[in-house]
Each structure stands twice: as structure tokens, then as C-alpha cells.
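Step one of this worksheet: look at the structure below.
In the UniProt record's numbering, the protein residues as written are 1 to 574.
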């Protein structure tokens with residue numbers, strides 16, 4: 001239990017606007033052994049094994065010969081990767097970054113039957129759990145960051161107690177262009193520009209590739225590797241450096257990429273990978289950020305997925321790494337943190353994204369339906385650096401906004417040493433009239449990738465389900481936090497050598513209480529090399545296993561996921 005310490009910052013008036021070297025040849029993954037795994041804390045019952053899975057799908061490259069410019073540029077690329085800017089730092093060395101279950105699966109998997117080895121899959125899970133994450137199409141030839149991989153979706157389709165797994169790349173413009181060429185063309189944004197010389201060299205090759213017509217950046221450079229969202233009867237794979245990519249799920253559980261989606265020409269630039277969906281209204285709220293003014297732009301979509309006008313926010317005066325935000329019924333809540341875009345750091349060999357210890361973090365509150373930023377208010381919150389937001393709501397007094405989010409206590413390690421990052425979930429209350437800010441830690445654990453019952457998005461909620469970093473980005477278990485009591489009320493560890501991903505809460509159909517439902521997540525046993533899909537009882541203190549599914553092959557660690565009910569899947573095909 002964490003002491004309910006209240007930290008009060010000074011009273012302040014709200015401010016507003018007026019103020020490795022690896023060959024790039026694709027290789028088939030070694031087939032997974034059929035050895036089964038049993039969680040130590042559970043008793044298993046074995047069911048009849050399903051038929052062997054079909055062979056993985058590999059896309060055949062169309063081009064059999066590389067053009068002369070392509071050979072020339074690839075040679076220069078190899079020189080840069082081996083001599084000018086080799087992957088020296090562990091955070092950028094693919095031999096380190098892509099080790100263990102972070103290694104990509106280099107083939108797709110068509111819908112393949114899974115084996116249920118414990119329990120039964122409840123009817124409330126009829127639908128699909130889909131998780132996104134980076135999975136490089138080609139093994140890196142130079143520096144590589146965890147965020148640089150092509151997006152791959154791993155979907156477990158559940159129907160009448162049976163399950164199939166499908167893994168498909170998001171067919172982005174980048175993926176298709178490089179797949180046709182048979183080698184990488186696009187630079188790695190997070191790892192390719194970490195010094196002035198490297199930036200100049202790779203920038204020159206990039207410009208030459210564009211000039212000779214190897215690719216057109218106006219068609220998008222994004223990876224779509226971060227998350228998924230469902231709104232306006234459309235399912236999207238998201239990455240914040242590009243437009244969303246619309247996705248479809250077939251009745252047999254296959255994944256199809258429909259294409260890049262611009263909302264009838266109304267979205268011409270990138271969008272956050274964390275839009276917020278109001279379950280009561282069906283509206284979606286989003287933003288984009290960038291290195292040039294306006295550094296923040298807010299916008300929203302109605303329940304039919306029609307985009308409204310942009311609201312540029314010029315009162316954010318420096319380019320901040322604004323990955324996520326929150327909404328209430330009245331406001332949109334943004335965090336201007338110490339992590340930002342610092343191009344000058346490249347001169348000393350640093351990343352273009354880094355921390356600024358001299359900057360005071362702020363929280364910005366903008367009316368949810370604002371047409372401009374006139375009523376935007378900023379509040380200084382020293383030491384409060386968030387990358388993800390969990391939820392926010394308006395208090396009954398009409399003056400206070402409450403925000404729940406993991407505060408990164410070592411923000412300087414965020415990009416290069418995730419294993420040193422510690423995030424502590426806090427409850428922050430902001431009086432929008434007086435400017436008084438109070439803060440309460442809810443757990444001392446290293447927690448992130450937290451979720452709630454999505455029906456409570458933007459409203460007061462009681463329970464938070466968070467992933468335990470051990471260290472990040474490996475996740476050793478999940479906890480349940482009672483926000484009202486300010487303490488942990490549930491916990492499950494996956495066991496020695498077993499690591500999972502972000503939990504996702506699925507409400508039980510017909511359930512009344514907020515925590516009446518299931519937590520689902522992929523889990524991997526590094527000793528056995530086997531991956532599982534876990535269904536846990538969200539109400540039980542130890543997250544009792546409701547069902548455990550052995551997957552036909554390994555699912556690498558990834559980022560964010562989404563559960564889509566069968567009724568919503570049917571709407572996607574209309």
C-alpha cells in the first residue's frame with residue numbers, strides 16, 4: 001500500500017494564450033515446438049490438439065533485379081551503417097534490440113486454429129483481440145530502434161469457444177514499396193539521425209532515392225506500428241507519423257489492409273496513435289504534433305467519423321513529445337513535458353528527441369468542443385512527465401479536472417534506456433480557476449501500459465489495470481489499482497521467464513459493475529519459446545485464469561491492442 005501523500009504545488013494563476021550489419025535476405029522462422037506450457041499457479045486440462053497450422057505466408061518480391069541507382073544507394077547505405085554511423089549504442093544495436101522475443105517473425109501467418117489448454121473462452125469474447133507492434137520486414141543493416149519496425153497485427157479471432165490466430169503486416173506504402181524493391185528504402189526515423197554527419201549522409205541518400213523515383217514521401221512514410229482504434233464503423237492501425245490505415249477483419253479471422261485513410265480529404269497530415277473515443281456519444285478526439293509551429297493541433301470526429309476543423313495551439317511554444325492525451329466531458333487535457341525534439345543535440349551525437357531538464361512541465365486544458373485556442377489554459381506541474389494518459393474526468397464542483405497517468409521519474413532515459421525508466425501512476429487534480437494542483441501517488445511500482453473499462457473514458461472511474469515493468473519494456477505481470485482508495489487491490493505475475501504485454505479490459509456482456517469483465521493479453525515463455533493468450537477474471541484479486549490458449553507460433557512483444565466485438569466486426573464489412 002502506498003501512503004496517501006498529497007503534494008501541493010504553489011498556487012498559480014492559469015495562463016492562457018495571451019501570455020547490426022545483417023544481410024537483408026528474408027529467412028523463415030524455425031517452427032515452434034509442440035511442447036505445452038503450464039502456468040505454475042494454475043491447473044491445466046488438455047484438449048484435443050488442433051490440426052497442424054498451414055505454412056506461413058511470405059510475400060514474393062516482384063522485382064528480381066536491382067536498378068543501378070538502387071545498387072549505388074545501397075552501397076552508400078552500407079558504408080554509412082558500417083563506418084560513418086555504426087550501431088554502437090545498445091539501444092540502437094539490432095543484436096541487442098531484437099534479441100529474445102523482441103526478434104521479428106519474418107513471415108505472416110494466415111488464420112490458424114489454436115489449442116485451448118485450460119478453461120473455456122467466454123461468450124463475451126466473441127470477436128477479436130488485435131495487438132499492434134513493430135516487426136521489421138528486413139533485418140536491419142545499421143542502427144535500429146525499437147520504435148522503427150514495420151507494423152504487424154496479431155489477431156486472435158474467437159467464435160463459440162474456438163480461436164484462430166492470424167499475423168499480418170499492415171500494408172503501408174512503406175511496406176509495399178520496400179517489399180517490391182526487395183530491400184529497405186526508407187530511413188529509420190528514431191535511429192537514423194543521431195548525429196549531424198549521419199543525418200547529412202542519410203538525408204542525402206533519402207533525397208536521391210526520392211529524386212530518382214524509388215519512392216514518393218507524399219504517399220506516406222509511416223509504419224502504423226503502435227495501436228488500433230475503432231470509430232465511425234472503421235478500424236484503424238495507427239502510428240503517429242502518418243495517416244491512419246484502415247483495416248478489415250474477414251469472417252475467418254484474416255486481416256486485410258484497405259489503405260491509407262484521409263477522412264474524405266480532411267486529414268492531410270499525421271494523427272496521434274491514441275485517439276480517445278467517448279463511449280456515450282461515439283465521438284473521437286485526436287491531435288497531431290510536430291517540429292514546426294503549430295507544435296500541437298487538436299481535432300475531433302463525430303459519431304459517423306466525419307472530421308471537424310483543426311484547432312491549432314500556438315501557446316505550446318516548443319516542440320514537445322506529445323504521444324498521448326486525455327479527455328473529460330468538458331475538456332481535452334494535454335501534457336507539455338520535458339521530452340521534446342532537440343535537433344541541435346544531433347551535433348554531439350545525440351538523438352533528435354531528448355530531454356530538457358530546464359523545462360518546467362505543464363498541463364494544458366482546452367474546452368473539448370473549442371473552435372480555437374482562446375480558452376486554452378496552461379498549468380505548471382514540476383516533475384510531471386507523462387507519455388501515456390490513463391483517464392481524466394470533471395469533478396462535481398465544476399472547477400476541478402482529475403487526471404490519472406504514469407509519471408516517468410527518469411525521463412532522460414525514455415528514448416535510449418527503457419530498462420532504466422520507472423513510471424509511477426499518479427492522480428493529479430487541477431483547479432482550473434485557482435491554478436492549484438495537487439498530486440497523489442497511487443502505486444510505487446514501475447507501471448505503464450495501463451487501461452480502464454472503456455465505457456468510462458472521460459468519466460470518473462474506479463479501477464485501473466496496469467502492466468508491471470521488470471524492467472521496461474518487458475512486462476512481468478499486471479496489477480489492479482483502486483483509484484478511489486489509492487491502493488492496489490489485485491495482482492498477477494506471469495512467472496519466471498514469462499513476460500506479457502499491455503492488458504486489455506473486455507467488459508462482460510450484461511455486467512453491471514465497472515470491473516465485471518476480463519483482462520486479456522499475449523504472454524510468452526522465453527524458456528520454452530511458446531506464446532499463449534491469457535483470459536483473466538478482472539474481479540478476482542489474483543486475476544484467476546478463465547482460459548489459456550496455446551498459440552500456433554510465437555508472438556513477439558509489442559505495443560497496444562484492442563478488442564473488437566463480433567457485432568462491430570460485422571459492421572466493418574458493410
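From the three backbone atoms N, C-alpha and C, an ideal C-beta is built for every residue, glycine too.
Computed from a prediction, not measured in an experiment: that's the story for all the values here.
Residue from the options with nearest C-alpha to residue i
i: residue 243; options: 334, 466, 288; result: 288
i: residue 286; options: 254, 319, 238; result: 238
i: residue 383; options: 373, 558, 338, 489; result: 338
i: residue 281; options: 313, 457, 261; result: 457
i: residue 241; options: 255, 225, 229; result: 225
i: residue 454; options: 446, 465, 444; result: 465
i: residue 530; options: 537, 550, 514; result: 550
i: residue 95; options: 144, 498, 377, 246; result: 144
i: residue 71; options: 362, 446, 258, 209; result: 209
i: residue 356; options: 368, 329, 385, 373; result: 385
i: residue 105; options: 133, 418, 120; result: 133
i: residue 500; options: 259, 196, 519; result: 519
As assigned by DSSP and simplified to three states, the class of residue i
i: residue 141; result: coil
i: residue 448; result: strand
i: residue 205; result: helix
i: residue 100; result: helix
i: residue 176; result: helix
i: residue 30; result: Bear in mind that the predicted position of residue 30 carries a pLDDT of just 39, short of 50, making it too unreliable to give a figure here.
i: residue 59; result: Summary for residue 59: the model assigns pLDDT 49, below 50, so the residue's position carries little reliability; its value from the coordinates is reported in the next sentence. In this structure, residue 59 counts as coil in the three-state DSSP scheme.
i: residue 431; result: strand
i: residue 199; result: helix
i: residue 548; result: strand
i: residue 604; result: One cannot answer for residue 604 here, as it falls past the ends of the chain, which runs 1 to 574.
i: residue 22; result: Per-residue confidence for residue 22 stands at a pLDDT of 38, beneath the threshold of 50, marking its modelled position as unreliable; the derived number appears in the next sentence. Three-state DSSP puts residue 22 in coil, outside helix and strand.
i: residue 93; result: coil
i: residue 370; result: coil
i: residue 181; result: helix
i: residue 80; result: helix
i: residue 43; result: Only weak support exists for where residue 43 lies, its pLDDT of 38 falling under 50; the value from the coordinates is given anyway. DSSP places residue 43 in coil when its eight states are reduced to three.
i: residue 530; result: strand
i: residue 387; result: coil
i: residue 72; result: helix
i: residue 568; result: helix
Length of the line joining the Cα atoms of residue i and residue j
i: residue 461; j: residue 275; result: 19 Å
i: residue 477; j: residue 494; result: 5 Å
i: residue 440; j: residue 541; result: 23 Å
i: residue 140; j: residue 187; result: 11 Å
i: residue 502; j: residue 468; result: 9 Å
i: residue 218; j: residue 269; result: 10 Å
i: residue 198; j: residue 207; result: 14 Å
i: residue 68; j: residue 223; result: 27 Å
i: residue 154; j: residue 102; result: 14 Å
i: residue 332; j: residue 79; result: 47 Å
i: residue 527; j: residue 535; result: 21 Å
i: residue 597; j: residue 254; result: Beyond the ends of the chain as shown, which are 1 and 574, falls residue 597; an answer cannot be given.
i: residue 444; j: residue 402; result: 19 Å
i: residue 49; j: residue 552; result: A caution first: residue 49 carries a pLDDT of 47, below 50, which makes its placement in the model too unreliable to give a value.
i: residue 304; j: residue 325; result: 22 Å
i: residue 398; j: residue 569; result: 38 Å
i: residue 156; j: residue 169; result: 15 Å
i: residue 74; j: residue 266; result: 37 Å
i: residue 298; j: residue 119; result: 45 Å
i: residue 387; j: residue 435; result: 23 Å
C-beta atoms of residue i and residue j nearer than 9 Å
i: residue 147; j: residue 190; result: yes
i: residue 543; j: residue 508; result: no
i: residue 152; j: residue 556; result: yes
i: residue 437; j: residue 379; result: yes
i: residue 308; j: residue 273; result: no
i: residue 566; j: residue 127; result: yes
i: residue 400; j: residue 451; result: no
i: residue 278; j: residue 232; result: no
i: residue 131; j: residue 562; result: yes
i: residue 361; j: residue 341; result: no
i: residue 406; j: residue 366; result: no
i: residue 261; j: residue 283; result: no
i: residue 227; j: residue 533; result: no
i: residue 425; j: residue 404; result: yes
Specify whether the segment 214–229 and the segment 172–183 touch according to this definition: at least 3 beta carbon pairs, one from each stretch, less than 8 Å apart. The segment 214–229, when compared against the segment 172–183, does touch it at the 8 Å Cβ threshold.
Are there three or more Cβ pairs, one per stretch, closer than 8 Å when the segment 389–397 is compared with the segment 407–419? Contact fails: fewer than three Cβ-Cβ distances are below 8 Å.
Please confirm if the segment 201–208 is in contact with the segment 88–98, defined as three or more CB-CB distances below 8 Å between the two stretches. They do not touch, by the three-pair rule.
Would you call the segment 76–87 in contact with the segment 191–199, where contact means no fewer than 3 C-beta pairs closer than 8 Å? Touching, per the Cβ criterion.
Report yes or no: do the segment 473–488 and the segment 103–115 share at least 3 C-beta pairs separated by less than 8 Å? No, the segment 473–488 does not touch the segment 103–115.
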